[in-house]
Amino acid sequence: MDAFTIVATVSAVVAGAIASIAGFGIGSVLTPVLATQFDVRLAIALVSLPHFAGTLARFFIVRTHIDREVLLGFGAASAVGGLAGAAAQTVVQSAALAIVFGALLVFAGVGSLTGFAQRMRFSDRRAALVGGALSGLLGGLVGNQGGIRAAALLGFDVERQAFVATATAVALIVDGARIPVYLATQGADIAARWPLIVLLATGAVIGTFLGGWTLRRMDEALFRRVVGALLLVLGAYTLARAFS
27 MDAFTIVATV
37 SAVVAGAIAS
47 IAGFGIGSVL
57 TPVLATQFDV
67 RLAIALVSLP
77 HFAGTLARFF
87 IVRTHIDREV
97 LLGFGAASAV
107 GGLAGAAAQT
117 VVQSAALAIV
127 FGALLVFAGV
137 GSLTGFAQRM
147 RFSDRRAALV
157 GGALSGLLGG
167 LVGNQGGIRA
177 AALLGFDVER
187 QAFVATATAV
197 ALIVDGARIP
207 VYLATQGADI
217 AARWPLIVLL
227 ATGAVIGTFL
237 GGWTLRRMDE
247 ALFRRVVGAL
257 LLVLGAYTLA
267 RAFS
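For the sequence shown, the working numbering gives the first residue as 27, with consecutive numbering after it.
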């Protein structure tokens, strides 16, 4: 096993643990790692399969806490937006888009850390539909759907386990919409890397169970700060890559 494979597998374990705590993180952590060895579009497609494996494992852990009302509006719209974003990814690659994406994540992270996000709530179905569609679209285009999805979900009044559970259910819906697109457009390249995909999927699942143990012992205030800090770091990283 070469150094890259070891680093990527360890990253998958860490990413799975982060995602169990914050509701996102597998794509955010693994995509940059794989992008050091593969074209960005292929890296996004490769990560989608370990992402699905880790998210499915997380779903079985937290499924009883799903907020069905948020899921039906936000989740369905996010899936449609994610499908459109994944399809458009082959023709749209813009530094300006990444800058907007990063700035939104920074804003959401600061909002969560300062308490502003708790005061800015989505109270109607139309807001949920718009927030879901936009988060799915941006995520499909840039490849890190979880961060922008979590940023949008901060606008809903849900406690930490419902937050993670609903984000997880939405992620499964979005994966179901986007993975067929990646397979149709890059199937041969994905199949050629199946050993790496299996290792990453295994690592993500292991990390998921480790992170689930931590989430159950975390209080609400600490959870909000952790999510905010992760969004802030992800946003800053996205901006740095866009400007470089």
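Quick reminder that beta carbons are idealized off the backbone N, C-alpha and C, glycines included.
Option nearest V224 by Cα separation, candidates Y263, P76, A112, V88: P76
Distance between E185 and A134 (C-alpha atoms, nearest Å): 17 Å
Cβ-based burial, S270 [other Cβ within 10 Å; buried from 16]: exposed
Neighbourhood of A69 by C-beta, 7 Å cutoff - its chain only, sequence neighbours within 5 removed: T57, L60, A61
Proximity below 8 Å, CB of L260 to CB of L179: no
Validate contact between the segment 97 to 106 and the segment 196 to 206 using beta carbons, cut 8 Å, 3 pairs: yes
Unbroken alpha helix (DSSP H) run spanning R204, endpoints: 186 to 217
Straight-line gap, V156 to R204 (C-alpha atoms, nearest Å): 19 Å
Completely contained alpha helix (DSSP H) runs for the segment 61 to 109, where each covers 4 or more residues: 66 to 88
Close Cβ partners of A191 (< 7 Å) along its chain, the five nearest in sequence each way excluded: V88, R89, H91, I92
Beta-carbon proximity of A195 to A48, cut-off 8 Å: no
Pairwise C-alpha distance: I125 and A79: 29 Å
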